[in-house]
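Heads up: the protein sequence lines correspond to chains V and E, in order. Mapping of the first sequence onto my numbering: position 295 corresponds to residue 295, and the numbering continues sequentially without gaps. Add 1000 to a position in the second sequence, counting from 1, and you land on the number used in my numbering. From the three backbone atoms N, C-alpha and C, an ideal C-beta is built for every residue, glycine too. Encoded as structure tokens, the structure appears first; notes follow it.
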Amino acid sequence: MQGTTSHLRRPGPRAGVLLKFGARLARKHQPRITFGATGAILAGLSATPAHAATGEAVNPWVALAYLVAGIFFILALRGLSSPSTSRTGNRFGMAGMLIAVVTTLVTHDIANIVEIGIAIAIGGLIGFLIARRIAMTAMPELVAAFHSLVGLAAVLVGWAAYLNPAAFGLVASTFNFTAEMRDGSTIAGGYGIISPVSKIEMGLGIAIGAITFSGSVIAFLKLSGKMSGSPILLPFRHVINLVTLAAIIVLTALFAMANGPAETLPLIVAMTVLAFAIGFLLIIPIGGADMPVVVSMLNSYSGWAAAAMGFTLGNTAMIITGALVGSSGAILSYIMCRAMNRSFLSVIAGGFGADASSGGSTEGGEQRPYKQGSAADAAFMLEQAEKVIIIPGYGMAVAQAQHALREMADLLEEKGVEVKYAIHPVAGRMPGHMNVLLAEAQVPYENVFELEDINSEFAQADVAFIIGANDVVNPAAKTDKSSPIYGMPVFDVDKAKQVFFIKRSMGGVGYAGVDNDVFYMDQTMMLLSDAKKMVEEIVKALD
Amino acid sequence: MDFISILSIFVLACFVGYYVVWSVTPALHTPLMAVTNAISSVIIVGALIAAAEAGSEVAKWLGLLGVVLASVNIFGGFAVTERMLAMYKKKEKK
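This is the structure we're talking about:
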């Protein structure tokens, strides 16, 4: 943990060669070689975070414990491949976390275990109460809020490591250059030097953490409706973002090269502030319905932040977890983008929805005729049907209509109607949002289908029951090349014999701001009302 | 561990993550986000070290605050995942 050169005494001819392999190797194999003055500095510079880990990696059991924790986290995600194994997976996750925390506590001299215990208790209690009380419809904003905490924690850990590098074993060398040469064996005072590699990792961890934090706070505010979901477009926002990003990279590089608190402190402060700022700037231009991508992306960032910290600390559990979470979020973002047929960059660039609504919707503004029905009409036709496919969307979540919907489906099933649910990947405000809500309403998961699995069944369906969805059933995505949603995979509801469309009013258009031809089809009946009220009325009529 | 060993672990873990996450059923994507959020709070390890070690008073308090935030996430994340997963039910056989 201390200076690499501390026990080096005599000059040796091979020092320069060995330097290439890093100071640690040199120490291991040629313990009696002294570097020259430049050598000493270089040794400090080329030191890898390995030194960092000396305190922990010395004991192989500790490293093994962190590895086991990492493996348990992999098993936690693996469990989610099916609902039947998912709870075991979650237990693995908890066990992994317990191992990681206990290992850390056991292997460090804990001077203030009471304070740490209190900190864990406070945090744990808050987390537990929130988890118990949160409504399932509020899950997207909860996840965004949790992401912000990971981000902030990463910033704090990075800063703590910067302020107290010795605690993290990050002091690559603590010598004073001139004194070191002369007396050879003792290490003079002065500040601890953190190796540039460690500083880059630290800087990355802080920057990604800060972006995750401020980005997630904005996502949280937008998702919870505390801030308008519509895009906020600053002039020259792309230029501002790119300049800020470049500045962060430059500052991180300068930070890595600088030595001593007087030089490094202003750099790291500026870098942290800019990183907070860019997280904010990146998310404000992104509209509410693009939030599934944003939440996944921030999920990914929180993982990369943890991984960067894992590099700094040389901690296997953190690195494995960071890589898992990072790739998980990246894959989810990719799935969401694919489901909207938009590139990740176009989503991140933002402005969707704002541009589209001003950019002229199809066919001008003339009023087209549509059929409106009542709950009684709908109930009557649903009873006659053999097969009903329900397509829930964000509107169902807003109206909290999932329980009423399940009651309706139960009644229909009792009458011998086959009921299935069809879920679009981007339905709702986060990946899998609709599935959770239906699960909450105790819809068996075997009845819930993904887009590609059920789309061919609409031709045999008597009723397509659309509740709170809009863009995901818009045929313009298939036919109209000028439409902003062109190319997005959609449900073929037009193939169903009858379409029921629950919508609050005819006025509002979907998020993409395009008119939907489904409203005006011959077989479509519009049920204009609040989703929950309408479904409850249908339930009454079915009884 | 030297940088290359750490990097190897990281790269391999990325591949593991890639294949494991693709095998997650889309119905469980929300619990996936909740649980990844919980496990990424393994960053608490860093916060614990900062809080435990003497040397810098400021670092200690930053560490303690980090411990609180990460604990919220760990307990909240796992508890909410557990709650969600408990809701996914098979059809009752009548």
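In whole angstroms, give me the CA-to-CA distance for residue i and residue j.
i                : j                : result
F21 of chain V   : F1003 of chain E : For F21 of chain V, the predicted structure reports a pLDDT of 37, less than 50, and the residue's modelled location is therefore unreliable. The matter cannot be settled from this model.
V514 of chain V  : Y1018 of chain E : 35 Å
D492 of chain V  : A210 of chain V  : 43 Å
K387 of chain V  : F380 of chain V  : 14 Å
N59 of chain V   : L251 of chain V  : 36 Å
V62 of chain V   : M434 of chain V  : 42 Å
S557 of chain V  : I538 of chain V  : Only positions 1 to 543 of chain V appear in the structure, and residue 557 of chain V is not among them; the question remains open.
A207 of chain V  : I248 of chain V  : 8 Å
G192 of chain V  : A166 of chain V  : 7 Å
K222 of chain V  : L1064 of chain E : 30 Å
M525 of chain V  : V463 of chain V  : 11 Å
A154 of chain V  : F449 of chain V  : 38 Å
G303 of chain V  : G329 of chain V  : 8 Å
P444 of chain V  : A385 of chain V  : 21 Å
N325 of chain V  : G416 of chain V  : Per the sequence shown, residue 325 of chain V should be read as Val rather than Asn. Distance between the alpha carbons of V325 of chain V and G416 of chain V: 44 Å.
V1045 of chain E : V1020 of chain E : 24 Å
G96 of chain V   : F73 of chain V   : 6 Å
A476 of chain V  : A469 of chain V  : 15 Å
L298 of chain V  : G215 of chain V  : 7 Å
D494 of chain V  : A422 of chain V  : 15 Å
M291 of chain V  : P140 of chain V  : 9 Å
I130 of chain V  : V1072 of chain E : 9 Å
Are there 16 or more other CB atoms within 10 angstroms of the CB of residue i, so buried, or fewer, so exposed?
i                : result
L424 of chain V  : Before going further, note that residue 424 of chain V is His rather than Leu in the sequence given. That one is buried.
T479 of chain V  : exposed
S346 of chain V  : exposed
W159 of chain V  : buried
A50 of chain V   : At A50 of chain V the pLDDT is 37, less than 50, meaning the model places this residue with poor confidence; the figure from the coordinates comes in the next sentence. Buried is the call here.
W1022 of chain E : exposed
R78 of chain V   : buried
Y520 of chain V  : exposed
L274 of chain V  : buried
Q402 of chain V  : buried
I319 of chain V  : buried
K503 of chain V  : buried
V239 of chain V  : exposed
L267 of chain V  : buried
G205 of chain V  : buried
Q460 of chain V  : exposed
S86 of chain V   : buried
V294 of chain V  : buried
R429 of chain V  : buried
M1033 of chain E : buried
L125 of chain V  : exposed
Taking residue i as the reference, which of the options has the closest Cα?
i                : options                               : result
L1121 of chain E : V:A121, V:A376, V:I389 and V:P431     : Residue 1121 of chain E is absent from the model: chain E starts at 1001 and stops at 1094.
A135 of chain V  : V:L152, V:A399 and V:T103             : V:A399
V518 of chain V  : V:M94, V:S327 and V:K371              : V:K371
K1091 of chain E : V:P196, V:A439 and V:F128             : V:A439
V150 of chain V  : E:T1081, E:S1005, E:V1068 and E:A1052 : E:V1068
D377 of chain V  : V:A153, V:L242, V:A541 and V:P140     : V:A541
S300 of chain V  : V:S333, V:M271, V:F280 and V:D290     : V:S333
L163 of chain V  : E:V1058, E:V1072 and E:N1073          : E:V1058
V110 of chain V  : E:V1072, E:S1071, E:A1051 and E:P1031 : The sequence as given places Ile at residue 110 of chain V; Val does not occur at that position. The option with the nearest alpha carbon to I110 of chain V is E:A1051.
F146 of chain V  : E:C1014, E:S1040, E:F1015 and E:A1013 : E:S1040
L156 of chain V  : V:L64, V:M202 and V:G89               : V:M202
V243 of chain V  : V:A119, V:F213 and V:I278             : V:I278
D522 of chain V  : V:A496, V:M506 and V:D543             : V:A496
A545 of chain V  : E:V1016, E:G1077, E:K1089 and E:N1037 : With chain V running from 1 to 543 in the structure shown, residue 545 of chain V is simply not present.
S198 of chain V  : V:A219, V:A161, V:I335 and V:P140     : V:A161
V1106 of chain E : V:P83, V:V68, V:D290 and V:I118       : Because chain E here runs from 1001 to 1094, residue 1106 of chain E falls outside it and cannot be looked at.
M257 of chain V  : V:I200, V:M336, V:A65 and V:G123      : V:I200
Name, please, each residue of chain B whose Cβ falls closer than 7 Å to the Cβ of residue i.
i               : result
T104 of chain V : The chain inventory of the structure shown lacks chain B, comprising the protein chains V and E.
| Below 8 Å, can you find three or more Cβ-Cβ pairs linking the stretch 280-289 of chain V to the stretch 306-320 of chain V? | no
| said: With a threshold of 8 Å, are at least 3 pairs of Cβ atoms found where one atom belongs to the stretch 392-406 of chain V and the other to the stretch 514-531 of chain V? | reply: yes
| said: Would the stretch 333-349 of chain V count as touching the stretch 481-491 of chain V if we require 3 or more Cβ pairs under 8 Å? | reply: yes
| Pairing CB atoms from the stretch 106-121 of chain V with CB atoms from the stretch 254-262 of chain V, are three or more of them under 8 Å? | no
| query | Do the stretch 405-416 of chain V and the stretch 1004-1016 of chain E meet, that is, are 3 or more Cβ pairs less than 8 Å apart? | reply | no
| message | So within the stretch 372-438 of chain V, which uninterrupted alpha helix (DSSP H) runs reach at least 4 residues, ignoring any that extend past its ends? | response | 375-384, 394-399 and 402-414
| said: In chain order, what are the residue ranges of uninterrupted alpha helix (DSSP H) at least 4 long that sit wholly in the stretch 48-102 of chain V? | reply: 50-57 and 60-79
| field | Entirely enclosed alpha helix (DSSP H) segments - the stretch 279-315 of chain V, minimum 4 residues | value | 291-313
| field | Every unbroken alpha helix (DSSP H) inside the stretch 488-536 of chain V [4 residues or more] | value | none
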